[in-house]
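For what it's worth, full-length UniProt numbering labels the leading residue of the sequence shown as 1, then goes sequentially.
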Amino acid sequence: ASYGPNPICKGCLSCSKDNGCIRCQHKLFFFLRREGMRQYGECLHSCPSGYYGLRTPDMNRCSRCRIENCDSCFSRDFCTKCKTGFYSHRGRCFRGCPPGFAALEELMECVEGCEVGQWSEWGTCSRNNKTCGFKWGLETRTRQIVKKPAKDTIPCPTIAESRRCKMAMRHCPGGK
């Protein structure tokens, strides 16, 4: 097929000077490019950013990703790469990761984070392993790691914390 002098007609089965490609060669994708008020058809090997290739028996075409803040997608509703500053999570793009997920900065993805259980009750107020003989002591509470994170580089939240407390008995019985 001869494309004539118009470079826009490269890869076309049918082409017009004003509208560009109307039909593409078998393996290429039809893309309708818009520039201001003008639009014209192009035949491409792969679709541009923000579009994905949709193959059908009659024509392969580029369709726009419908996910907000998506740079490239696998299908209309599944993003594979988000725009700069957004994290990818289950085919969508977010400014931050949802609860229970951690941001993997190098890939800009949300991965399963460390899951911890509920805090225990505060422990007995003590100091130097004694529950009396001092005005102030420390009490501690803990929680368990329920699920380890998807990657070792993701830190778990603290599983033990202590706070200052007032001892119930300042003086020990028997003077000890």
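All C-beta atoms in this analysis are idealised placements derived from N, C-alpha and C, irrespective of residue type, glycine included. Computed from a predicted model, the values in this text were never measured in an experiment.
Rounded to a whole number of angstroms, what is the C-alpha to C-alpha distance between LEU104 and PHE94? 13 Å
Throw me the rounded Cβ distance for the GLY41 and GLY20 pair, which I believe falls under 8 Å. 4 Å
Taking buried to mean at least 16 other C-beta atoms within 10 Å of its own C-beta, is SER2 buried or exposed? Low per-residue confidence applies at SER2: pLDDT is 41, beneath 50, and the placement is therefore not dependable, though the value from the model is reported in the following sentence. Exposed: under 16 other Cβ atoms inside 10 Å.
Just grab the DSSP bridge partners of ARG141 for me. GLU161
Who pairs with VAL111 in a beta bridge, going by DSSP? ALA102
Is ARG55 a contact residue of the ligand ADP, with contact defined as CB to any heavy atom under 7 Å? Summarising the ligand content, the structure contains no ligands, and the ligand ADP is consequently not present.
For GLY36, which three-state DSSP category applies? coil
Would you kindly work out how many angstroms separate the C-alpha atoms of CYS79 and ARG61, rounded to a whole number? 18 Å
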